[in-house]
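**Q**
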Amino acid sequence: MRECFFYTSLQRAFLLTPQYATSISSRTVLFTSVPKEYLNKRQMDNLFNHSVKNIWIPGDTKELDRIIQERDNVAMKLEKGEIKWIKLCNKERIKYENKTDVNVEKVATARSDSESGNLVAGWIPHHKRPTHRTGLLGLIGKKVDTIQWGRQQLKALIPKVQSAQSSWLAGKYKKHCAIFVEFFTLYDAHLAFHAATHHRALQMADRFIGIRPNEVIWQNLNYSRWQVAIRRYAAYATITGLIVFWAVPVTIIGLIAQVDVIKTLPGLTWIENIPQVILGPAFLMAIFLALTIICHISLAKVLDPLLQSTPLSLQLQEDPVDQRHQMKEMDGQAQKGVGATSRGPSNSNLGSKFVSKANDGDWKTARFFSKLLKPCIYADHTIVENLVHHEDREELEYPYDAHIHAYLPPSVTSQTPFLWIPSDGDAGMSRQEIFDTEKVTPISNKGCKLNNRNQIEWDTDEPRPPDWCEKIIY
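Those letters in the sequence shown? Residues 1 to 474, by full-length UniProt numbering.
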């Protein structure tokens, strides 16, 4: 129990830090089983007394997911094909230079990018270019050139994806019975989380707070309250069946293991001579088992509300960082013997109270038992908050696009894949591939290159890939 109080206090101290309190996820509540008439911002704003800042309504993305999955698969196949082709050309270049002592790079630099690539590729027969079959698992179907096929497919798929995303953002989709609601303040979010939202049973009953976008299982948001109830009880029935099935062999083994049964077996009659006290009082064991169950149920009833949400009373208090600094100053003045401070006599009396207790010889013993018996007081969030770092007090800031697209399905905001291939120096084959592919999709060869052993080496001076972007913490 002491550990539970400590954990809940530490959790509340973290949830009240400026870094978390200003994040979008801390002020966003997910409601499920939402009636259709409430799937708009005006109704939600009126329902929560004009404290709603933004809403996101998830919807059906099956067709969009399929197109994006196809686009990404084609892009990855194209990237692998180009890397394979560049390494093959570079391997032939190394062999040619070792045989003739002619530096191909010097010849290639005297030509344009496209010509230099064709120079190296001209040494390799066309049938050695990367190919694959378009059928099931790449085992059947028409055999095509991987690079040329990939460019043609992306040229058709990328505009198709962009058109489908624009249509979804315009509201042309089937809405799910769920909604993400962002509030202006953390207090408003928790007030809505605790409130009974709808007058009908099971309507908007299930709600979640502090959920980040990458933690959402988007396809599950379309389940109605009846589907959720049926699935829940189906899971209960399955678990119950497993327990009952497992109880059969356990019961048989338990009967065999009974002392009364064992002592009748040949060679084990000496067990009957063991004192009855050692065999264990079954009645007391049953009582203690029942008390354990009652204790756990009582603890769960008390601690579950504290584990699942932040109490509203804590959010009305002053900033925990300022409170911690104030307590430090008060303790320092008390240790110096200052009788009166600008904060009034109550603070100074409190400080002198701490000093007088510290001088008492029995205070350490009393404090030990108090901590042991009253964890709800001595493991309170005001005590535990010193374990949470408050040095960085800057509030989180989000770009405009990242904010308005925070709780949209990933396929709606999915960007065109960025291809990354290795550089082959001045030989020009890598530049040739970039010249031909960048007309269709973004591509770069920065940050990695092929060495003399035809192996890829990463640029350790600049470890970030070309398409790197700062991670947004929601």
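Using N, Cα and C, we set each Cβ at its ideal position, and we do this for glycine too. Bear in mind that the values here come from a model prediction, so they are computed numbers and not experimental data.
1) Going by the CB atoms, is the gap between residue 449 and residue 457 shorter than 9 Å?
2) What's the C-alpha gap between residue 334 and residue 185?
3) Can you check the segment 179-235 for any alpha helix (DSSP H) of at least 4 residues that lies completely inside it and give the ranges in chain order?
4) Do the CB positions of residue 146 and residue 78 come within less than 9 Å of each other?
5) So, are the CB atoms of residue 406 and residue 24 less than 9 Å apart?
6) To the nearest angstrom, how far is the alpha carbon of residue 97 from that of residue 404?
7) Specify the secondary structure class of residue 468 as computed by DSSP and reduced to three states.
8) Need the endpoints of the beta strand (DSSP E) that residue 55 sits in, please.
9) Closest to residue 5 by C-alpha separation, out of 304, 224, 127, 84, would be which residue?
10) Based on Cα-Cα distance, which residue from 473, 39, 451, 240 lies nearest to residue 91?
11) So who's on the other strand from residue 450, going by DSSP bridges?
12) Beta-carbon separation of residue 472 and residue 409 under 9 Å?
13) Pop quiz: residue 176 and residue 221 are said to be a contact at Cβ under 8 Å. What is the actual Cβ separation, rounded to whole angstroms?
14) By how many angstroms is the C-alpha of residue 129 removed from the C-alpha of residue 459?
15) Between the segment 28-38 and the segment 152-172, can you find at least three pairs of beta-carbon atoms closer than 8 Å?
16) Assuming residue 132 is part of the beta strand (DSSP E), what are its boundary residues?
17) Using the beta-carbon count (16 or more within 10 Å), is residue 429 buried or exposed?
18) Can you check which of these residues, 240, 235, 181, 454, is closest to residue 29 by C-alpha distance?
19) Kindly indicate which three-state DSSP category residue 245 falls into: helix, strand or coil?
20) Consult DSSP for residue 418 and reduce its assignment to one of helix, strand or coil.
21) How would you write the range of the beta strand (DSSP E) that residue 31 sits in, first residue to last?
22) Just verifying my parser: in three-state terms, what is the DSSP assignment at residue 160?
23) On a CA-only basis, which of 415, 434, 416 is nearest residue 422? Give me that one, please.
24) Check each candidate in 229, 453, 455, 81 and name the one with the smallest Cα separation from residue 144.
25) Once you ignore the five residues that flank residue 197 on each side, which residues in its own chain have a CB closer than 6 Å to its CB?
26) Residue 208 and residue 48 - do their beta-carbons sit closer together than 9 Å?
27) How many Å lie between residue 127 and residue 444 at the Cα?
28) Could you check what DSSP says for residue 9 in three-state terms: helix, strand or coil?
29) How many Å lie between residue 45 and residue 200 at the Cα?
30) Whose C-beta lies closer than 7 Å to the C-beta of residue 441 among residues of the same chain, with five residues either side of it excluded?
31) So, under 8 Å CB-CB, residue 212 and residue 474 are touching, yes? Tell me the CB distance rounded to an integer number of Å.
32) Reducing DSSP to helix, strand and coil, say where residue 439 ends up.
33) According to DSSP, what are the bridge partners of residue 175?
34) Pull up the distance between the alpha-carbon of residue 42 and that of residue 437, whole angstroms please.
35) Using C-beta distances below 7 Å, list every residue in its chain close to residue 402, excluding the 5 sequence neighbours before and after it, in chain order.
36) Buried or exposed: where does residue 325 fall if 16 or more other Cβ atoms within 10 Å of its Cβ makes it buried?
**A** Quick answer:
1) yes
2) For residue 334, the predicted model reports a pLDDT of 42, less than 50, meaning its position is unreliable; a value from the coordinates is still stated below. For residue 334 and residue 185, the distance between alpha carbons rounds to 36 Å.
3) 186-194
4) yes
5) yes
6) 55 Å
7) coil
8) 52-56
9) 304
10) 451
11) 456
12) no
13) 5 Å
14) 28 Å
15) no
16) 131-133
17) buried
18) 181
19) helix
20) coil
21) 28-32
22) helix
23) 434
24) 81
25) 204
26) no
27) 26 Å
28) helix
29) 19 Å
30) 75, 154, 158, 416, 417, 419
31) 5 Å
32) coil
33) 59
34) 47 Å
35) 472
36) Low confidence applies to residue 325: its pLDDT is 40, below 50, so where it sits in the model is not reliable enough to give any reading.
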